[in-house]
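Okay, so the sequence shown: first residue is 211 according to our numbering, each after it adds one. Note that CB positions come from ideal geometry on N, CA and C, so glycine has one too. Quick caveat, the model's predicted, so the values are computed rather than measured.
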Amino acid sequence: MRVLVTGGAGFIGSHVVDALVGRGDEVHIVDDLSNGKRHNVPAEATLHVYDIREPLDGIVDAAAPDRVVHFAAQADVRVSVAKPAFDATVNVAGTANVLEAARQTGARVVFASTGGAIYGECTRPAREDDPCLPLSPYGAAKLAGEGYLGAFGRLYGTPHIALRFGNVYGPRQDPHGEAGVVAIFLGRLLEGEECRIFGDGSQSRDYVYVGDVVRATLAALDSDTEGVLNIGTGVPTSVLELYAVCREVTGSDLEAVHEAARPGELGRSVLDGEHTAATLGFRPEVSLAEGVAATWDWLRAGS
Ligand code: NAD
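Here you go:
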């Protein structure tokens, strides 16, 4: 298969690229390297350093994709709050450009959406047909992206699926970034520095290991299932519980420092994966302790 992966130099996208290359697919990557890293890209893949805010016509001619994995995004919620119009140019207008590109070859599109930023506060694991109440421009833009996928499907018959990821973590996540609490905690523990917990640490998230997300993405790419699917574990983990796992894995006895709660932060976000299991045959397999240990090994090896 010929696969075009946008955002393929980034954290999750590069793991998907590795898996596609590993099974013998021809892979073209579109990434402007605004957050992605050239060294994440395997030699077997072709990297086009390009901004999805511009039409992708020339790249489609070169890549002639059968499938498109659309993972390029402005992926930082706080940037979206500070610069909502910029976020929309990448995450909405950019998605329209990618869909226009896919239309030219009739490629099936797999889109990275978000569960954490779309459903809002969860009193139980969120299901795909629950109301969407994004609390940020980022969540609103991802929801708009899902809308564009549906519209292109109805207008042109573009085959598509949107995957609503939980909190993805694993090797290659930036330990110095603003998002990605697993990498941030482990990075600080590696340096012997205190970790900061905002509020009382009871806020919980659905942490899903990047290797599981790759399996889900390939299953979605190969299937003909349409629509929207949650990719999460169904298990809420509080920040305090996560910190305890990180201390256990690293052997650290450092206490975390508590700082003021951040305004607007969700108390609980967790995804119901039953519809995904039934339609795609996918369930996450990596436990939090295993995934944190794999991330720790990667960090200790020098990232
Ligand atoms: P990432 O920032 O590592 O990857 C995004 C990639 O897109 C980067 O390599 C970046 O350079 C590239 N990019 C950004 N703007 C671009 C542009 N204008 N043109 C071309 N390339 C551009 O983030 P990630 O965590 O790997 O996220 C991958 C996808 O999954 C994103 O769509 C993100 O919104 C989504 N997602 C991530 C999580 C998570 O927990 N990490 C959760 C839900 C959804």
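Residues in the same chain with beta-carbon distance under 6 Å from G483, minus the five sequence neighbours each way, listed in chain order, please. N440, G442, G444
Going by CA-CA distance only, name the one from A255, G367, G218, V251 that's closest to D235. A255
Pairs of beta-carbons, one from the stretch 386-399 and one from the stretch 295-308, closer than 8 Å: are there three or more? no
V391 by DSSP, collapsed to three states: which one? helix
Just tell me which of D286, L396, V227, V213 has its CA closest to the CA of G461. L396
Sequence-distant residues of its chain with Cβ nearer than 8 Å to G437 (five each side left out): E338, I371, A372
Is N307 near the ligand NAD, judged by its Cβ being under 6 Å from some heavy atom? no
I239 Cβ short of 6 Å to the ligand NAD heavy atom set: no
Which of helix, strand or coil DSSP assigns to N377: strand
Residue ranges of each beta strand (DSSP E) within the stretch 437-489, 3 or longer: 437-441, 467-469
So what does A322 bridge to, in DSSP terms? L373
Tell me whether the stretch 275-282 and the stretch 318-327 touch, counting them as touching only if at least three CB pairs, one residue from each stretch, are closer than 8 Å. yes
Determine whether the beta carbon atoms of R493 and P446 lie at a separation below 7 Å. no
Give the secondary structure of V231 by DSSP, where H, G and I count as helix, E and B as strand, and everything else as coil. helix
Using the rule of at least 16 other Cβ atoms within 10 Å of the residue's Cβ for burial, across every protein chain shown, is Y358 buried or exposed? buried
Once you ignore the five residues that flank S346 on each side, which residues in its own chain have a CB closer than 7 Å to its CB? V287, S290, V291, A327
Can you tell me the Cβ-Cβ gap for G220 and N245, rounded? I've got them flagged as a contact below 8 Å. 6 Å
Measure the beta-carbon distance from G376 to D416 and round it to whole angstroms, keeping in mind my assumption that it falls under 8 Å. 3 Å
Cβ atoms of G380 and V420: under 7 Å apart, would you say? yes
Does the distance from the C-beta atom of L481 to that of P335 stay below 7 Å? yes
With DSSP collapsed to three states, give me the class of A336. strand
In angstroms with no decimal places, state the Cα-to-Cα distance between L476 and S414. 8 Å
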